[in-house]
Amino acid sequence: MRIDVITIFPDYLTPLELSLLGRARERGLLEVRVHDLRDWTHDRHRTVDDTPYGGGAGMVMRPEPWGKALDDVLGSGPDGASPHLILPGPGGTPFTQARARELAHEDWLVFACGRYEGIDERVYEEYAERLPVSVLSLGDYVLNGGEVAVLAMTEAIGRLVPGVVGNAESLVEESHEDGLLEYPVYTKPALWRGREVPPVLLSGDHGKVAGWRQEKRLERTAARRPDLIEAYRRSQAEPPAGDA
Ligand code: SAM
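Numbered according to the working numbering, the sequence shown spans residues 7 to 250.
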């Protein structure tokens, strides 16, 4: 998968060189290119923002540098690759595990990191006419810029790209994969500060362990995410697609 990130703070993206994603880059599973938006400005101050039409506080990112940067980056892709442009934003649709799974199938993602009050809306309009464009929100809160959202999204997407996580089975039972949160996990020692590991996990009975884990997943999801447990119960009550 190829990932391009356009930002005014390229250094913010250096964690993409570390850990699992860094290794995936070394192994050629991911190709990440980070671009400085200011390279597409032509004035002495390398200006990327201006005051908002209609008045109000803050500054808005100008469309010209974004247009030039996106035209160049989108024109530089690998042969035959079709780009999907992602604009992180608190006004976007929620970025979820299901969305991460869908995006992990794409061959080329281009992220445009907004700052200030965001990017002039015409940039979205312009590119949405030419290619798939998604405005995605990390959550219902406001960050200073898109960089942290891109770090979170590329990590969630990148670990689902085949081969990035060594043991693919470890991805299957994780939180949000089937609508429930994961069960609690334990490792050695079996007794720590007087706290025991639940005895069923030491029993060697795989059926009992699986039953206990499912019970804990339901309990934990009901306690922490009542919204998820309701959706999960509804999905379990529905007949499978095609059985209507
Ligand atoms: N004025 C905008 C609004 O109220 O919707 C917020 C702009 S925010 C200060 C600047 C940039 O941070 C956004 O353009 C976006 O790139 C990023 N951002 C902020 N919150 C985000 C979130 N929850 N998810 C994804 N990106 C976010």
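Backbone N, C-alpha and C fix where the C-beta goes; we use that ideal spot for every residue, glycine too.
According to DSSP, is M95 helix, strand or coil?
Met is not the amino acid found at residue 95; the sequence shown has Gly there. Looking at G95 - three-state DSSP - the assignment turns out to be strand.
Of the listed residues L24, L19, L142, nearest to Q103 (C-alpha basis)
Ranking the options by Cα distance to Q103, first place goes to L142.
For L137, name the three-state secondary structure that DSSP assigns.
Residue state, collapsed to three classes: coil.
Close beta carbons around L207, own chain, < 8 Å, minus the five adjacent residues each side:
So the list reads Y192, V215, W218, once near-sequence residues are dropped.
What number of angstroms, rounded off, separates the C-alpha of E202 from the C-alpha of P195?
C-alpha separation (whole angstroms): 9 Å.
8 Å Cβ cutoff met for H111 and V79
Their beta carbons are not under 8 Å apart, which means H111 does not touch V79 by this criterion.
Secondary structure at M159, three-state DSSP: helix, strand or coil?
Residue state, collapsed to three classes: helix.
Per-residue DSSP class, three states only, for P232
P232 sits in a helix when the DSSP states are folded into three classes.
Mind listing which residues have their beta carbon within less than 5 Å of any non-hydrogen atom of ligand 1? Chain order is fine.
In chain order, the hits are P94, G95, P96, G97, G120, E123, G124, S143, L144, V148, L149, G151, G152, A155.
Can you grab the Cα-Cα spacing for the pair R33 / G60, in whole Å?
Distance from the CA of R33 to the CA of G60, rounded to the nearest whole angstrom, comes to 49 Å.
For P71, which residues from the same chain have a beta carbon less than 7 Å from its beta carbon, with the 5 sequence-adjacent residues on both sides left out?
Contacts found: L43, W46, T47, V54.
Bounding residues of the beta strand (DSSP E) (the contiguous stretch that carries W114):
Taken as a continuous stretch (DSSP letters only), the beta strand (DSSP E) holding W114 covers 114-118.
Going by DSSP, what residue range makes up the alpha helix (DSSP H) through E32?
Unbroken alpha helix (DSSP H) run through E32: 25-32.
Alpha carbons only, please: which of E179, Y133, R105, Y130 is nearest the one belonging to L144?
It is R105 whose Cα lies nearest to the Cα of L144.
Identify, in the order they occur along the chain, each residue of the same chain with its Cβ nearer than 7 Å to the Cβ of G164, setting aside the five sequence neighbours on each side.
Cβ neighbours of G164 beyond the five flanking positions: L27, A30, L36, V170.
Just checking my contact of M65 with E123 at CB under 8 Å: how many whole Å lie between their CB atoms?
With a Cβ gap of about 6 Å, M65 and E123 count as contacting.
Leaving aside the five residues before and after G152 along the sequence, list all residues of the same chain whose C-beta is less than 6 Å from its C-beta, in chain order.
Cβ contact annotation for G152 (same chain, cutoff 6 Å, sequence separation greater than five): P94, C119, G120, in chain order.
Roughly how many whole angstroms lie between the Cα atoms of A174 and P168?
Rounded to whole angstroms, A174 to P168 spans 8 Å at the Cα level.
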